[in-house]
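Trainee: If you count by my numbering, then the sequence shown holds residues 166 to 484, one letter each, in order.
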Amino acid sequence: MKAPQTALLIILLGTTLNAAASDTCPYFNEAGRLNLVLQDSINFPRDVANGTVLLEKVGTLSRTLSITCNGNHKYGIQNQVGGTTSGATTFPIKNTGLSWQIISNNTPLPGHGGTKGRNTYIFNEPPTFRLIKTGNISANAEIPTGVFGGFVVDGVQPLSIYVTTAPKVVTWSCETPDIKVHMGEHDLGIFEENGAYSPATRFDIKLNNCPVGVKKVAYQLVPSPTSPVSNAATGTVELNKNSSEARGIALQILDDQQQPLALNQAYTFNEYSATGGNFSIPLAARFIRTVPTGKYGAHDTGMKAGTANAEVLFVMSYM
């Protein structure tokens, strides 16, 4: 859902750049500005893919520009709200996980540092400003106002990029409360051999107050520091040795069809709806024997009864 755009009156106060030139690029009379009024907020699913264009805005040029360089010269965008990488076409906004880009004549302008020979640069149509997701969005990410950077040729900046509003960054996600699953009591005798398991206990991952606009939800199981991986392919983690007395068994996570879920692998929740609301992901858990089969069944070396606790992290992705 697009956020509504608000028209604002822009008053820019600052110093006008007068005639400027270099020995290589002498034909330049007055600097110009690309003025950008952005919308009040930028709303998007928290985990959309890097490279996703979140906002696109055609700016307003203060004047048409033309500058000719007669020999070899460096050129490109100089970023003033983050680092500049020569040749790159996106420019980071501090550590927000967001970057900006300028499109001129259907081509992204590169980062300053590349070299060209004789060339004429013409800005007679307003370039397009893009805001792009390029990393994990930091908490309380903010887009600054003011000078974002400029197009520089041979040390001269004929075009500056000004942002005059600071949109609020809103990432969409669902509320996912922690889950405690009571596994019940099981007789050690059911674990007679390697791979023997207890009856499964069903539970749900709750997705509450999901916003309109999230089109896809995925989840993955990640071992916790207290319950490291036992077998990633079969979704099995070790018991928490600090809070468990039992030995020789591990915890296994299953889907609603009683099939193991691999660790560190994303699974799409197919019952999700982009209209938002509340949802439940049905899963199950069971204990499974991990020590080799011996002569004494449930009393083989390495088997021990007692409390059995484990912790698993569920990492949610919203796209």
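The C-beta atom is built at its ideal place from N, Cα and C for all residues, glycine as well.
Identify the continuous beta strand (DSSP E) that holds Cys190 and give its terminal residues.
Mentor: Counted from its first residue, the sequence shown places residue 190 at position 25. Premise fails: Cys190 is in no beta strand (DSSP E) and is neither H nor E.
Trainee: Taking buried to mean at least 16 other C-beta atoms within 10 Å of its own C-beta, is Asn244 buried or exposed?
Mentor: Here residue 244 refers to the residue found at position 79 of the sequence shown. Asn244 is buried by the Cβ-count criterion.
Trainee: Among the candidates Ile355, Ser303, Asn289 and Asn260, whose CA atom is the shortest distance from the CA of Thr458?
Mentor: The sequence position of residue 458 within the sequence shown is 293, counting from 1. Looking at the Cα atoms, Ile355 is the closest of the given residues.
Trainee: Tell me which same chain residues have a C-beta within less than 6 Å of the C-beta of Arg228, skipping the five on either side of it?
Mentor: The residue given as residue 228 occupies position 63 in the sequence shown. Answer for Arg228: Gly197, listed in chain order.
Trainee: Among the residues of its own chain, which have a CB less than 6 Å from the CB of Gly282, if the five just before and after it don't count?
Mentor: Start at 1 with the first residue of the sequence shown, and residue 282 comes out as number 117. Closer than 6 Å at the Cβ level, and outside the excluded window around Gly282, lie Asn237.
Trainee: Please say whether Ala449 and Thr366 have beta carbons closer to each other than 8 Å?
Mentor: Your numbering for residue 366 matches position 201 in the sequence shown. Your numbering for residue 449 matches position 284 in the sequence shown. Yes; because the gap between Cβ atoms is below 8 Å, this pair is in contact.
Trainee: Quick check: the Cα distance between Pro376 and Met484, rounded to an integer number of angstroms?
Mentor: Taking the sequence shown and counting its residues from 1, one reaches residue 376 at position 211. Taking the sequence shown and counting its residues from 1, one reaches residue 484 at position 319. One C-alpha to the other measures close to 12 Å.
Trainee: Tell me, to the nearest whole angstrom, how far the beta carbon of Lys381 is from that of Tyr437; I am working on the premise that it is less than 8 Å.
Mentor: Here residue 381 refers to the residue found at position 216 when the sequence shown is read from its first residue. Here residue 437 refers to the residue found at position 272 when the sequence shown is read from its first residue. Contact holds; Cβ gap of about 7 Å.
Trainee: State the CB to CB distance for the pair Pro291 and Leu199, rounded to an integer number of angstroms; the pair is presumed to be in contact (CB under 8 Å).
Mentor: Within the sequence shown, residue 291 is the residue found at index 126, counting from 1. Within the sequence shown, residue 199 is the residue found at index 34, counting from 1. With a Cβ gap of about 7 Å, Pro291 and Leu199 count as contacting.
Trainee: I'd like to confirm the pairing. Which residues does DSSP put opposite Ser392 in its beta bridges?
Mentor: Along the sequence shown, read from residue 1 onward, the residue named residue 392 stands at position 227. Answer by DSSP bridge pairing, in chain order: Ser389.
Trainee: Look up Leu353 in the DSSP assignment and say whether it is helix, strand or coil.
Mentor: For the purposes of this step, residue 353 is identified with residue 188 of the sequence shown, where counting begins at 1. The answer is helix: DSSP assigns Leu353 an H, G or I state.
Trainee: On the criterion of 16 or more Cβ atoms from any shown chain inside 10 Å, does Thr440 qualify as buried, or is it exposed?
Mentor: Counting from 1 along the sequence shown, the entry for residue 440 is found at position 275. Exposed, because fewer than 16 other Cβ atoms sit within 10 Å of the Cβ of Thr440.
Trainee: For Asn200, which residues does DSSP report across the bridge?
Mentor: Locating residue 200 in the sequence shown gives position 35, where the first residue counts as 1. BP columns for Asn200 point to Thr225 and Tyr327.
Trainee: Taking C-alpha atoms, which residue in Ala306, Cys339, Leu426 and Val218 lies nearest to Met331?
Mentor: As a position in the sequence shown, residue 331 is number 166, starting the count at 1. Contrary to the premise, residue 331 reads as Ala rather than Met in this sequence. Of the candidates Ala306, Cys339, Leu426 and Val218, the one whose C-alpha sits nearest the C-alpha of Ala331 is Ala306.
Trainee: Just to check my reading of the structure: Tyr362 and Phe452 have Cβ atoms closer than 8 Å, yes? What is that Cβ distance to the nearest angstrom?
Mentor: The sequence position of residue 362 within the sequence shown is 197, counting from 1. The sequence position of residue 452 within the sequence shown is 287, counting from 1. That pair is a contact at about 6 Å.
Trainee: Can you name the start and end residues of the beta strand (DSSP E) that Asn374 belongs to?
Mentor: Translated into positions along the sequence shown, residue 374 becomes position 209. Thr366 to Cys375 is the span of the beta strand (DSSP E), which, as asked, contains Asn374.
Trainee: List the residues that DSSP assigns as beta-bridge partners of Gly311.
Mentor: Translated into positions along the sequence shown, residue 311 becomes position 146. Val328.
Trainee: Would you say the stretch 307-322 touches the stretch 240-255, given that touching needs at least three Cβ pairs under 8 Å?
Mentor: Touching, yes, given that three or more Cβ pairs across the two stretches are closer than 8 Å.
Trainee: State the Cα-Cα distance for the pair Leu178 and Lys345, rounded to the nearest angstrom.
Mentor: Here residue 178 refers to the residue found at position 13 of the sequence shown. Here residue 345 refers to the residue found at position 180 of the sequence shown. At Leu178 the pLDDT is 36, less than 50, meaning the model places this residue with poor confidence and gives no usable figure here.
Trainee: Pick from Asn405, Arg211 and Phe444: whose alpha carbon is nearest that of Thr336?
Mentor: Position 171 of the sequence shown holds residue 336. Comparing Cα-Cα distances from Thr336 to each of Asn405, Arg211 and Phe444, the minimum goes to Arg211.
Trainee: Can you check whether the CB of Pro309 is closer than 8 Å to the CB of Val394?
Mentor: Counting from one through the sequence shown, the residue named residue 394 turns up at place 229. Counting from one through the sequence shown, the residue named residue 309 turns up at place 144. No, these two residues do not count as a Cβ contact at 8 Å.
Trainee: For Ile207 and Leu220, I'd like the C-alpha separation in whole angstroms.
Mentor: Locating residue 207 in the sequence shown gives position 42, counting from the first residue. Locating residue 220 in the sequence shown gives position 55, counting from the first residue. Distance between the alpha carbons of Ile207 and Leu220 is about 7 Å.
Trainee: Taking the beta strand (DSSP E) that His238 falls in, what are its first and last residues?
Mentor: Here residue 238 is taken as the residue at index 73 of the sequence shown, counted from 1. Where His238 is concerned, the enclosing beta strand (DSSP E) stretches over His238 to Asn244.
Trainee: What residues are listed by DSSP as bridge partners for Met468?
Mentor: Translated into positions along the sequence shown, residue 468 becomes position 303. DSSP output for Met468 lists no bridge partner at all.
Trainee: Quick one: residues in its chain with C-beta nearer than 8 Å to the C-beta of Asn359, no 5 flanking neighbours on either side, listed in chain order?
Mentor: The sequence position of residue 359 within the sequence shown is 194, counting from 1. Result list for Asn359: Arg454, Thr455, Val456, Pro457 and Thr458, in chain order.
Trainee: Within a Cβ cutoff of 6 Å, which residues of the same chain sit near Ile302, ignoring the five residues on either side of it in sequence?
Mentor: Mapped onto the sequence shown, residue 302 falls at position 137. Taken in chain order, the residues that qualify are Gly262 and Thr336.
Trainee: Should Pro388 go down as buried or exposed, given a rule of 16 or more other Cβ atoms within 10 Å for buried?
Mentor: Along the sequence shown, read from residue 1 onward, the residue named residue 388 stands at position 223. Pro388 comes out buried.
Trainee: Which same chain residues end up closer than 8 Å to Thr285 when comparing Cβ atoms and leaving out the 5 residues on each side of it in sequence?
Mentor: Numbered from its first residue, the sequence shown carries residue 285 at position 120. Only Ser231, Ile232, Thr233 and Cys234 meet the Cβ criterion.
Trainee: Return the first residue and the last residue of the beta strand (DSSP E) that Glu498 is part of.
Mentor: Given a span of 166 to 484 for the chain in the structure shown, any question on residue 498 remains unanswerable.
Trainee: Under 8 Å, do Ala415 and Thr401 count as touching if we go by C-beta distance?
Mentor: Residue mapping note: residue 415 aligns to position 250 of the sequence shown, counting from 1. Residue mapping note: residue 401 aligns to position 236 of the sequence shown, counting from 1. In this structure, Thr401 lies closer than 8 Å to Ala415 by Cβ.
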